[in-house]
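Engineer: Sharing a structure, written as structure tokens. Questions coming.
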Ligand SMILES: Cc1cc2nc3c(=O)[nH]c(=O)nc-3n(C[C@H](O)[C@H](O)[C@H](O)COP(=O)(O)OP(=O)(O)OC[C@H]3O[C@@H](n4cnc5c(N)ncnc54)[C@H](O)[C@@H]3O)c2cc1C
Ligand SMILES: Nc1ncnc2c1ncn2[C@@H]1O[C@H](COP(=O)(O)O)[C@@H](O)[C@H]1O
């Protein structure tokens, strides 16, 4: 069995965005970059399947600059992925989700994978599109936002989170899944494994290597804005909590008009 | 003149409120720019409500394919609709179903797909405003394809009634070639009963300050009194006090209700990321220096075990 895990390096969730006024550019120089937290669930699930089966190979695939290599080593190879493919092509700097999905599809089609795992979304662009788009482009079934996965013989059953409950979905393999928190608890890499990860292969490719013209973006970012500023916080002062509660309820009702 | 198609989501014949919000916004846009608003529904007939919120035409497809949601069948039906009718935009609510359908339809039609938008403007071309980095920044995006599929965040647009002709047109997608591979076998209801987080107009969330799982009931009682959804910080979820489906934040749900009440939540950047677009934010925390007060409109520096039950009573009185 062969499993692909598509992963993205993203700015750490602590990242503060430096932007005081609308701008056509976003300064990303100070960002600390890590593995997208949702992709960690995808990596973990692949490794669990590998550990439970025999003859399972797990390949991590990422599109990004050379600097993603450290993240790939530490958070993919050191926790159990067998190899990685890095598509590094400066022409993809302005790629949108559709363009990235086209490139990933080309990479995935070079091999035959039984399962292709994604995170539900990248926490930088917050799009949640690429996994589903790749499934469609490859003509494969997908189950998005999964919180449980059981593999059968050539089939899978997954739980998919929906409002107020879950759907239980079956699909034949090969299939595409997008992974949500709750699916598993991602492990941390051990120091010896981080050292050993350096020996695992990382194939480096460009669009040209894939026989692909750089796909054009279908949507373009024109402007970045800081979030609207909030006024001062109005503190409700009262000795007695009951009085504070009454005053707060009054303010929410009469002033803010939200209850 | 732009024609805007709005996907009217239904499950079990119940329509999602975000559908009417999208119709309202589409109507405001076409009122200024010309063009029509089209409601598109699979598996149910929303004509009465759709006309109330300004739909000029209502396209419905019915039949066995549209019982339980199936991305392959529903995605193909919406794609066929767009190919036949050529709307400029297809708006789809950012719900579990909508997030599944949008990218599927866009990939089929090879067109722009923009997720979780909170603003739309038309000036000869479209500009879509959306948050990135979980709301730490907003962007304006311009689609460059003739059709764009745009996901719309629930509660981003104000509901407004407007007269629409609501002329009903049946459409019959040809799904005979599709044998769905991924199939929903069953739907299991969760704990249920309460309003869903991402759609709620009011959210009450509890953080580590609630001290233990038994006290989450305080949060739920206030939520019930307000007709609100109950949320939580990641600390509470990771401690196993409530299910992950309640988590608000960068790696949980993003919410933008009219009112967000944070109880015993410090206001870590990852939590703020998920709720800072709320219209009014209230913080109840005993530490006056907690960062949550910097994000809040109203604050009470006090013990939540005193204030939350008292507030619940006040709300019941107000509503009574
Ligand atoms: C990659 C990553 C992703 C993350 N994603 C999320 C996310 O999606 N959502 C999220 O919430 N967090 C997220 N976090 C965690 C985040 O950094 C914080 O750890 C978390 O939000 C803290 O939760 P808390 O505010 O409930 O707890 P604490 O920070 O411990 O705060 C508890 C607060 O309760 C107050 N308090 C205590 N007792 C009382 C009382 N009796 N009455 C009133 N107030 C009281 C205290 O003063 C304190 O301010 C993430 C972290 C990482 C690294
Ligand atoms: N540059 C990339 N390289 C490989 N996989 C990616 C990349 N960007 C996103 N993905 C995958 O697609 C998922 C959804 O991303 P997005 O649609 O951008 O929110 C992520 O969780 C990853 O699994």
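Chains as they are written, first to last, in the numbering used here: chain A, 146 to 404; chain B, 12 to 331.
In this text, a Cβ means the ideal position worked out from N, Cα and C, and glycines have one as well.
Note that this is a predicted model, so its numbers are computed, not measured.
#1: Which residues in chain A sit within 7 Å of residue 125 of chain B, going by Cβ to Cβ distance?
#2: Going along the chain, which residues of its own chain have a beta-carbon closer than 6 Å to the beta-carbon of residue 389 of chain A, five neighbours each way excluded?
#3: Does any C-beta atom of chain B lie closer than 9 Å to the C-beta of residue 298 of chain A?
#4: Skipping 5 residues on each side, what residues in its chain have a beta carbon closer than 8 Å to that of residue 146 of chain A?
#5: Which residues, in chain order, does the stretch 92 to 115 of chain B contribute to contact with chain A at a C-beta distance below 8 Å?
#6: Considering only residues of the same chain and omitting the five flanking positions on each side of residue 271 of chain B, which have a CB-CB separation below 6 Å?
#7: What residues are listed by DSSP as bridge partners for residue 292 of chain B?
#8: Residue 281 of chain B touches chain A at which residues, Cβ-Cβ below 8 Å?
#9: Under 8 Å: does the beta carbon of residue 152 of chain A sit that close to some heavy atom of ligand 2?
#10: Taking 8 Å as the cut-off, is the beta-carbon of residue 288 of chain B closer than that to any non-hydrogen atom of ligand 2?
#11: Is any heavy atom of ligand 2 found at a distance shorter than 8 Å from the C-beta of residue 148 of chain A?
#12: My parser needs the beta strand (DSSP E) runs of 3 or more residues fully inside the stretch 121 to 180 of chain B; what are they?
#13: May I ask you to list the residues that DSSP assigns as paired with residue 297 of chain A?
#14: Around the C-beta of residue 300 of chain B, are 16 or more other C-beta atoms found within 10 angstroms, so that it is buried, or is it exposed?
#15: Give the straight-line distance between the Cα atoms of residue 289 of chain A and residue 27 of chain B, rounded to the nearest whole angstrom.
#16: Following a CB-centred definition, is residue 157 of chain A positioned closer than 8 Å to any heavy atom of ligand 3?
#17: Just to check, is the beta-carbon of residue 82 of chain B closer than 8 Å to a non-hydrogen atom of ligand 2?
#18: Can you tell me which of B/205, B/82, B/33 puts its alpha carbon nearest to the alpha carbon of residue 166 of chain B?
#19: On the DSSP bridge assignment, give the partners of residue 202 of chain A in chain order.
#20: In chain order, what residues of the same chain lie with their CB nearer than 6 Å to the CB of residue 220 of chain B, ignoring the 5 residues before and after it?
#21: When you compare each of A/363, A/391, A/370 to residue 239 of chain A by their alpha carbons, which one comes out closest?
#22: Measure the CB-CB distance between residue 56 of chain B and residue 179 of chain B and report whether it falls below 9 Å.
#23: Quick one: is the Cβ of residue 381 of chain A within less than 8 Å of any heavy atom of ligand 1?
#24: Grab me the residues of residue 84 of chain B's own chain with a C-beta within less than 7 Å of its C-beta, minus the 5 sequence neighbours each way, in chain order.
#25: I'd like to know whether the C-beta atoms of residue 253 of chain A and residue 283 of chain A end up nearer to each other than 9 Å.
#26: Cα separation between residue 157 of chain A and residue 163 of chain B?
#27: Under the rule that 16 or more other beta-carbon atoms within 10 Å means buried, what is residue 273 of chain A, buried or exposed?
#28: Report whether the distance from the Cβ of residue 178 of chain A to the nearest heavy atom of ligand 1 is below 8 Å.
#29: Should residue 398 of chain A be flagged as near chain B, meaning a C-beta pair shorter than 9 Å?
#30: In the DSSP output, what is residue 240 of chain B paired with across the bridge?
#31: Measure the CB-CB distance between residue 369 of chain A and residue 190 of chain A and report whether it falls below 9 Å.
#32: Starting from the beta carbon of residue 146 of chain B, find every residue of chain A whose beta carbon is closer than 7 Å, and list them in chain order.
#33: Are three or more beta carbon pairs between the stretch 338 to 349 of chain A and the stretch 297 to 317 of chain A nearer than 8 Å?
#34: Give the straight-line distance between the Cα atoms of residue 337 of chain B and residue 329 of chain B, rounded to the nearest whole angstrom.
#35: From which residue to which residue does the beta strand (DSSP E) around residue 366 of chain A run?
#36: Can you check whether the C-beta of residue 391 of chain A is within less than 9 Å of a C-beta belonging to chain B?
Structural biologist: According to the data block:
#1: 364
#2: 381, 383
#3: no
#4: 194, 198, 200, 201, 202, 259, 260
#5: 106, 107, 108, 110, 111, 113, 114, 115
#6: 214, 286, 289, 292
#7: B/271
#8: 158, 159
#9: yes
#10: no
#11: no
#12: 123 to 128, 130 to 133, 137 to 143, 148 to 154, 159 to 163
#13: According to DSSP, residue 297 of chain A bridges with nothing at all.
#14: exposed
#15: 20 Å
#16: With respect to ligand 3, the structure offers nothing, as its ligand set consists of ligand 1 and ligand 2.
#17: no
#18: B/33
#19: A/147
#20: 275, 315
#21: A/363
#22: yes
#23: no
#24: 76, 186, 189, 191
#25: yes
#26: 26 Å
#27: buried
#28: no
#29: yes
#30: B/214
#31: no
#32: 372
#33: no
#34: Because chain B here runs from 12 to 331, residue 337 of chain B falls outside it and cannot be looked at.
#35: 364 to 370
#36: yes
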